[in-house]
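In the numbering used here, the protein residues as written are 212 to 1308.
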């Protein structure tokens, strides 16, 4: 009943309800919405003195409704909402003010149904009685029209191939029985008895055959299946006995039974002869690379032969030369990429005499170097002694198939061949661990499509991939396949769908999703098909919000968090349908730009980029740089021509070439994720869309088992303190914080915070008490991979006002301050600042497989055309915050007043670039690396030489803005009390306000850029245990000093933390002394680094 009430707003968000009441601007204005925290409950929102008060309306066991109002007011129960609302129009009912003015719901404009080129699937006219005044007359007309339409169509069919009796039966149905069926539907009987009778007549012989065949197949199936599966084994009995079942249902069971028999027979035969189908192991062929080796200024041709299967790398002077010189996988210590020369690579190897050698090679081009690195990484992974992987690769593909079947060969899609950031031929046979394929307008059946994809992958990789999940909503489908060896590592598989079509009830638009755990890491994948039409941008934004609110994936205990916060790694793919926003008159200009491969101007008008810049959709998601042509709308069977006009009854409709098909990602902070490919095929032409591919190298955590005795091991602790939340809300309520994490036994809640109103209308909430969280395992190897999810909730309705995430790795060495952006339902709702300190048991984190490939510390390289020599204009210290594209987490140490980096802040010290700059500041956001958060000096901290801007090895500079959001409000630093002495924290380095803070050292690096992370030049400080990587980011750009660094002072009373140091051979200073090349006379190896204890002039 409430659906027809103007004050009932359904499942609108809390922030939307506040906006509507604020616009009403009258005391006593009210509306009712669904509760976000309790299913079946409601929230009564009332405006009074420009504040919104929220009251829960809860149903009891008898479905009676009551309002949780002020104490001392008797509780009244109501049968329906209108009765409740009527009662609360009276004063003194326990509300802040009585209800006076209902706020009406905003009407949503629904999508128009899309026309396509296929014949209409429904009759051309409506025959429902509701649409006309005279029911009987209209019904007769509708039936006659329906009958005439189908009889006319039948006349144009070739009926020569079907028996005469069936021709007569079909004609008779269209002439009389279809009208009788229509009358039955009008009278409430949807079973269409006329159609049933016709089908039974046509399938009479088939029905008889099915009855004979099913019992035979059942016996055969039981024989093959010793552990009789209850589902399939019992179906034939019911069907054989009950001939009243529909033929279509019986045929479906027959088909399932045949498939099952085929699978079981194959498995039994293969197992009996020890045959694994030849598809269990991937056999990567030998690959030889022609390279050049520089020696004493003379370039020599060399050949590097990679044998992944045997784990050997051969160094040969000629292609057919002897293979006596090789290094085994465990003697290949590191690959070091050059920043400056994008085809140069250093291979660090260990000889039999334990001598470390650095061999420099130059490849033909960057793609060859990348292919070589991927093969070597695959070799290291394959022959690793680790029981569980700490790095996997994921293929993500999306394709709008245009309701047409695929061509015979689609292997280029899975091999990342085409335009954009593509894979080298030498890496063709390297299999990914997971393949996630999203399709839209997919005309195939689930099994047919899954078998097609498996077959293609089998041909490419020689592996039979296992199906993790498949989920379909109308013609939107997602398929997830995994290597067979990962079968026991995958758990908690969930799938779900959300409809966003007309009135949110049709599944022609919407999303399907799959989530699962891979050992200790959670993954989520969403494939969506959003509203089409260039002018429907806002509707697409609403589609996105509905999907992330209502798609039910992941850990159900994380119900305050939407899917953007539930997963370590979330990938969102699909036909998002965002268009290039230019006038239709510019169509030919757009095509010209595409032919010239000049995409930047068009991408600046890309609706998705613009909406992300404004923080309206995909907040804190990341997308690799687009370097390929628009994926839509092509003429079918060619990729040479865009068909940007479509004739319609209302006139010509324009579909300008656009990047409709996209892949975005969002990961927790400080996790390893690298996009290795992002592009589009150019040889799959059955649809008006081209398939898009993306591949990612992703860090994963193992299912950790502690080797320490739980009774004797010291108890670990996570201390969070000094939390201050700034919330954008008009709600009058109190707040508390909930902490969620898989490393905690249960959710931890704080006490209520103290509210103060800010001058900008937001509320500042102070949570004074320190909270100590006790992890289930205190080993640093385990804890440093964990994250704490934070949710700020209201006490009145237990609803979330903002969620965020903090990585425990941020506090690896000392007390660290953080700032996270709070979001709710995809919108920014505020910020949370605080401090975190970690106490772990003794132990050394092991080196990760993805630390095998590093990036060299070359001389400074200026980013082309993105603002020259930034180093002359800033002295900001970089800090190793990886994956800065996520969550806006910034970290600071101790009481350093420098704000640190956050999504919600502009670059503080970034000024207009120096001479030679074309555009000193970025457009549409700012470079995520240009403002990295500093940290408090830790014991024995080191001064850091900043990383410099460098070009993307494949596509020029990556220094473009990939930080999204205009909400760059300066947050004033609040005074923070020092941490508990139990978690002793170091003191500030100096009271000098101009001294740059010293970064926290870290023992391994992460990245979200194309290339591997790179530490800065090491310095000879007394805390030599640390290796400090530079800021990894999309552009690998950073800020330099405009004055020499100041040596850190030692801090009394604070023990130096012991940390494991991964091998790092990027610099000659890493080599043992006797192998270190001598410095040139009179030259220091690192002149920019002052010696410890000397003052810098």
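Heads up, the beta-carbon is just placed ideally off N, CA and C, and yes, glycines get one too.
message: For residue 689 and residue 738, which I take to be in contact (beta-carbon distance under 8 angstroms), what is that distance rounded to the nearest angstrom?
response: Here the question's residue 689 lines up with position 478 in the chain shown. Here the question's residue 738 lines up with position 527 in the chain shown. That pair is a contact at about 4 angstroms.
task: Take the Cβ of residue 1196 as the centre, count every other Cβ of all protein chains shown within 10 Å, and call the residue buried at 16 or more, exposed below.
output: Taking the chain shown and counting its residues from 1, one reaches residue 1196 at position 985. Unreliable placement is indicated for residue 1196, whose pLDDT of 41 sits below 50; the coordinate value is still reported in the next sentence. That one is buried.
message: So for residue 821, helix, strand or coil by DSSP?
response: Within the chain shown, the letter at position 610 stands for residue 821. Three-state result, residue 821: helix.
- prompt: When DSSP builds the beta bridges, which residues end up paired with residue 872?
  reply: Within the chain shown, the letter at position 661 stands for residue 872. As DSSP reads the structure, residue 872 sits in a beta bridge with 786.
- prompt: What three-state label does DSSP hand residue 799 in the structure shown?
  reply: By one-based count along the chain shown, residue 799 stands at place 588. In the structure shown, residue 799 sits in a helix (DSSP, three-state: H, G or I).
field: Candidates 271, 541 and 304: closest to residue 283 by CA position
entry: Position 72 of the chain shown holds residue 283. In terms of CA proximity to residue 283, 304 leads the group 271, 541 and 304.
message: Going residue by residue through the region 991-1039, where are the continuous beta strand (DSSP E) segments of at least 3 residues, counting only ones entirely within it?
response: 998-1005, 1011-1018 and 1027-1035
- prompt: How many Å lie between residue 237 and residue 256 at the Cα?
  reply: In the chain shown, the residue the question calls residue 237 occupies position 26. In the chain shown, the residue the question calls residue 256 occupies position 45. Using only the alpha carbons, I get a separation of about 13 angstroms.
- request: For residue 883, count neighbouring C-beta atoms within 10 Å of its own C-beta (all shown protein chains included) and say buried if the count is 16 or more, exposed if not.
  value: Stepping through the chain shown from its first residue, residue 883 is reached at position 672. Classification for residue 883: buried.
- prompt: Does DSSP classify residue 1206 as helix, strand or coil?
  reply: Looking up residue 1206 in the chain shown gives position 995. The predicted model places residue 1206 with a pLDDT of 41, which falls under 50 and marks its position as unreliable; any figure quoted below should be read in that light. Here residue 1206 sits in coil by DSSP.
field: Neighbourhood of residue 999 by C-beta, 6 angstroms cutoff - its chain only, sequence neighbours within 5 removed
entry: Working through the chain shown from its first residue, we reach residue 999 at position 788. 950, 952 and 1017, listed in sequence order.
field: Start and end residues, alpha helix (DSSP H) containing residue 1316
entry: Coverage of the chain is limited to positions 212 through 1308, which leaves residue 1316 absent and any answer about it impossible.
task: Please report the residue range of the alpha helix (DSSP H) in which residue 682 lies.
output: The residue you call residue 682 lines up with position 471 of the chain shown. Premise fails: residue 682 lies in the beta strand (DSSP E), 677-684, not in any alpha helix (DSSP H).
- prompt: Cβ of residue 526 within 8 angstroms of any heavy atom in the ligand MG?
  reply: Of ligands this structure carries none, so the ligand MG is not represented either.
- request: Compare the beta carbon distance of residue 848 and residue 892 with 9 angstroms and say whether it is the shorter of the two.
  value: Against the chain shown, residue 848 aligns to sequence position 637. Against the chain shown, residue 892 aligns to sequence position 681. Contact flag unset, no.
- prompt: Mapping DSSP to helix, strand and coil, what is residue 278?
  reply: As a position in the chain shown, residue 278 is number 67, starting the count at 1. Residue 278: strand per DSSP, three-state reduction.
message: Counting beta carbon pairs with one atom in the region 625-635 and one in the region 578-586, are three or more of them shorter than 8 angstroms?
response: yes
- prompt: Taking the Cβ atom as the reference point for each residue, do residue 310 and residue 296 lie within a distance shorter than 9 angstroms?
  reply: Counting from 1 along the chain shown, the entry for residue 310 is found at position 99. Counting from 1 along the chain shown, the entry for residue 296 is found at position 85. Cβ distance < 9 angstroms, so residue 310 and residue 296 count as in contact.
Assigned secondary structure, residue 627 (DSSP; H/G/I helix, E/B strand, else coil): Along the chain shown, read from residue 1 onward, the residue named residue 627 stands at position 416. It is coil, neither helix nor strand.
- prompt: Between the Cα of residue 729 and the Cα atoms of 228, 911, 674 and 393, which residue gives the shortest distance?
  reply: For the purposes of this step, residue 729 is taken as the residue at position 518 of the chain shown. Closest by alpha carbon: 911.
- prompt: Buried or exposed: where does residue 218 fall if 16 or more other Cβ atoms within 10 Å of its Cβ makes it buried?
  reply: Position 7 of the chain shown, counting from 1, holds the residue named residue 218. So residue 218 ends up on the buried side.
message: Could you tell me the alpha carbon to alpha carbon distance between residue 226 and residue 663, rounded to whole angstroms?
response: Counted from its first residue, the chain shown places residue 226 at position 15. Counted from its first residue, the chain shown places residue 663 at position 452. So the two alpha carbons sit approximately 45 angstroms from each other.
message: Contact defined as beta carbons within less than 8 angstroms: I believe residue 915 pairs with residue 992. What is the distance between those atoms, to the nearest angstrom?
response: Taking the chain shown and counting its residues from 1, one reaches residue 915 at position 704. Taking the chain shown and counting its residues from 1, one reaches residue 992 at position 781. The beta-carbon separation of residue 915 and residue 992, rounded to 7 angstroms, stays under the 8 angstroms limit for a contact.
query: How is residue 978 classed by DSSP in three states: helix, strand or coil?
result: Here residue 978 refers to the residue found at position 767 of the chain shown. Three-state DSSP puts residue 978 in a strand.
- prompt: Per the contact definition of three or more C-beta pairs closer than 8 angstroms, is the region 408-423 in contact with the region 454-472?
  reply: Touching, yes, given that three or more Cβ pairs across the two stretches are closer than 8 angstroms.
query: Is the beta carbon of residue 1309 less than 9 angstroms from the beta carbon of residue 1067?
result: Nothing about residue 1309 can be read from this structure; the chain reaches only from 212 to 1308.
- prompt: Using 8 angstroms as the Cβ pair cut-off and three pairs as the minimum, do the region 603-616 and the region 561-576 touch?
  reply: no
Spatial distance of residue 290 from residue 1048 (CA atoms): Stepping through the chain shown from its first residue, residue 290 is reached at position 79. Stepping through the chain shown from its first residue, residue 1048 is reached at position 837. Cα to Cα, residue 290 sits roughly 52 angstroms from residue 1048.
message: Using the three-state DSSP reduction, which class does residue 839 fall into: helix, strand or coil?
response: Translated into positions along the chain shown, residue 839 becomes position 628. Residue 839 falls in the coil class under three-state DSSP.
query: DSSP beta-bridge partners for residue 256?
result: Locating residue 256 in the chain shown gives position 45, where the first residue counts as 1. 242 and 265, per the DSSP bridge assignment.
message: Could you check whether the region 929-945 touches the region 865-872, counting it as contact only if at least three pairs of C-beta atoms, one from each stretch, sit closer than 8 angstroms?
response: no
- request: Report yes or no: do the region 708-723 and the region 670-687 share at least 3 C-beta pairs separated by less than 8 angstroms?
  value: yes
message: Please report the straight-line C-alpha distance between residue 242 and residue 298, rounded to a whole angstrom.
response: By 1-based counting over the chain shown, the position of residue 242 is 31. By 1-based counting over the chain shown, the position of residue 298 is 87. Here the alpha carbon of residue 242 sits roughly 15 angstroms from the alpha carbon of residue 298.
query: Is residue 740 closer than 9 angstroms to residue 768 when the C-beta atoms are compared?
result: Along the chain shown, one-based indexing puts residue 768 at 557. Along the chain shown, one-based indexing puts residue 740 at 529. Inclusion of residue 768 and residue 740 in the CB contact set at 9 angstroms is not warranted, their separation being larger than that value.
message: Our contact map puts residue 515 next to residue 538 with C-beta atoms below 8 angstroms; I'd like the distance itself, whole angstroms only.
response: Taking the first residue of the chain shown as position 1, residue 515 is located at position 304. Taking the first residue of the chain shown as position 1, residue 538 is located at position 327. Rounded, the Cβ-Cβ distance is 10 angstroms, inconsistent with contact.
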